[in-house]
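First comes the structure, then the notes that go with it.
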Amino acid sequence: MPNSRNDFLNSLASLQIRYNLGAGVPPVNLYPAFNPGKLFGINPVPATDKSINYHSTAGFIKNAAAGVLQENEGLEFDPENIVVTNGVQEAIALTVACFRSKPLACIDPSYPGFEDAVSAFGSSLLKLSTDNWLKELEALPEGSLFYLSADFSNPLGYSLSLEERVQLTRLAAKNKFYIFDDATYRPFNLDPALPTLLSLNREFVIHALSFSKILAPGLRTAFVYLPKDLNKVFVANKSNLSLNNSGITQTIVENWLQENNFQLSAHLGKAKERLSKNRKVLEKYDIAYNGGFFCTLNIGQKADFDFCEALLKKEQIAAIPMCLFSDNPKFEKQLRLCLSNIEQDALDPVLTLIKNFVP
Ligand SMILES: Cc1ncc(COP(=O)(O)O)c(C=O)c1O
Numbered sequence: 004m005p006n007s008r009n010d011f012l013n014s015l016a017s018l019q020i021r022y023n024l025g026a027g028v029p030p031v032n033l034y035p036a037f038n039p040g041k042l043f044g045i046n047p048v049p050a051t052d053k054s055i056n057y058h059s060t061a062g063f064i065k066n067a068a069a070g071v072l073q074e075n076e077g078l079e080f081d082p083e084n085i086v087v088t089n090g091v092q093e094a095i096a097l098t099v100a101c102f103r104s105k106p107l108a109c110i111d112p113s114y115p116g117f118e119d120a121v122s123a124f125g126s127s128l129l130k131l132s133t134d135n136w137l138k139e140l141e142a143l144p145e146g147s148l149f150y151l152s153a154d155f156s157n158p159l160g161y162s163l164s165l166e167e168r169v170q171l172t173r174l175a176a177k178n179k180f181y182i183f184d185d186a187t188y189r190p191f192n193l194d195p196a197l198p199t200l201l202s203l204n205r206e207f208v209i210h211a212l213s214f215s216k217i218l219a220p221g222l223r224t225a226f227v228y229l230p231k232d233l234n235k236v237f238v239a240n241k242s243n244l245s246l247n248n249s250g251i252t253q254t255i256v257e258n259w260l261q262e263n264n265f266q267l268s269a270h271l272g273k274a275k276e277r278l279s280k281n282r283k284v285l286e287k288y289d290i291a292y293n294g295g296f297f298c299t300l301n302i303g304q305k306a307d308f309d310f311c312e313a314l315l316k317k318e319q320i321a322a323i324p325m326c327l328f329s330d331n332p333k334f335e336k337q338l339r340l341c342l343s344n345i346e347q348d349a350l351d352p353v354l355t356l357i358k359n360f361v362p
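Quick note on my numbering: the sequence shown kicks off at 4 and runs consecutively.
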């Protein structure tokens with residue numbers, strides 16, 4: 004077991020090997036070139052320019068963020084309840100800060116960035132089972148927070164059905180708990196999108212959208228769409244933790260959005276084409292996958308770090324054991340595979356290799 008989950012995941016991201024199904028890195032070689040310098044503007048700007056000067060904690064591209072929701076989800080949203088954060092990771096930390104004295108819950112396993120933020124704030128976490136989480140949520144008290152990704156979760160690659168979306172948002176309204184919907188992978192849908200949780204419940208859903216996977220993680224930009232009554236405390240926490248977002252990256256993102264007619268995924272055609280081809284391969288292996296980067300593979304034997312280390316050394320294939328994300332023995336034979344950086348022709352033999360591999 005590595006010392007830190009983050010160190011381990013980061014080391015995989017930079018690993019140069021034949022088949023990297025470990026790191027959740029976007030297929031950036033399939034993205035159009037991105038020119039941040041041109042988007043910022045090549046001419047010198049006065050020191051008083053809004054991008055250089057001090058700016059408000061909540062960010063100054065809130066109108067563009069409202070435009071994004073309108074164009075991509077057909078939803079109107081009051082820009083005053085939108086906050087620009089340093090990625091979804093900061094949005095998670097700020098939300099946990101808002102709820103730190105309240106019960107916090109997630110499905111086991113969930114994105115480690117949420118679980119680690121909860122422990123950093125010393126809060127306690129209720130982990131819900133993958134089979135019965137909706138029922139277990141009924142016991143969540145008023146004012147609590149439930150974290151999930153409704154679309155293409157990390158690490159399971161799970162998405163909520165329409166019925167689950169309706170039931171979850173109704174339950175939140177009935178029992179008055181909040182939902183943090185981490186929409187980091189939502190733009191990577193291969194089928195027509197299901198409604199966002201936000202469209203089903205404005206009062207109790209926090210919708211967080213990252214530019215890290217669709218554009219560039221170095222921008223450290225996310226848009227957070229907040230219920231009205233959370234806005235003040237969320238902004239107060241941000242002013243303590245990070246003061247504000249860089250005006251330089253806000254300007255770049257705003258200009259990129261304008262150039263792209265506020266569309267989040269029109270430029271992802273080639274990337275999605277690869278993911279669609281990989282879906283066809285996965286069907287042959289009976290592996291569920293509808294979009295995003297991740298799927299789960301059951302290998303019928305213990306899939307621990309020793310297994311993954313041997314797989315890496317002998318076959319040059321990186322994969323992540325699900326035990327990195329959960330202590331539940333139910334997942335001990337499972338691997339998390341990232342499908343974004345492998346070609347269809349390679350995926351087929353690689354899956355066979357992993358399934359038959361003897362460490
Ligand atoms: C589910 C999920 N949420 C959030 C993030 C981090 O997003 P950001 O770079 O916007 O902080 C990641 C990155 O891997 C992720 O997988």
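We treat Cβ as the ideally placed atom computed from N, Cα and C, and that holds for glycine.
None of the values given here were measured: they were computed from a predicted structure.
Counting along the chain, the unbroken beta strand (DSSP E) around residue 185 starts and ends at 181-185. At the C-beta level, residue 227 and residue 172 stay beyond 8 angstroms of one another. Three or more Cβ pairs closer than 8 angstroms define a contact, and the stretch 12-19 falls short of that threshold against the stretch 202-219.
As the crow flies, the alpha-carbon of residue 223 is around 11 angstroms from that of residue 216.
With a cutoff of 7 angstroms, residue 225 counts as near ligand 1, since its C-beta is closer than that to a heavy atom of the ligand.
Inter-residue distance for residue 182 and residue 148 is about 6 angstroms (C-alpha atoms, whole angstroms). DSSP places residue 58 in the coil class of the three-state scheme, outside both helix and strand.
Residue 325 places its beta carbon 8 angstroms or farther from that of residue 115.
Short note on residue 9: C-beta not closer than 7 angstroms to any heavy atom of ligand 1. Boundaries of the alpha helix (DSSP H) around residue 43: 39-43.
In chain order, the residues positioned with their C-beta nearer than 6 angstroms to some heavy atom of ligand 1 are 27, 90, 91, 92, 114, 116, 152, 157, 185, 187, 213, 215, 220 and 225. Per DSSP, the continuous beta strand (DSSP E) segment holding residue 108 begins and ends at 107-110. Collapsing the DSSP output to three states places residue 358 in a helix. In this structure the stretch 252-259 lies against the stretch 30-44, because at least three pairs of beta carbons, one per stretch, are closer than 8 angstroms. Of the candidates 264, 336, 292 and 278, the residue whose Cα lies closest to the Cα of residue 75 is 264.
Nearest in C-alpha terms to residue 89, of all of 359, 72, 54 and 250, is 250.
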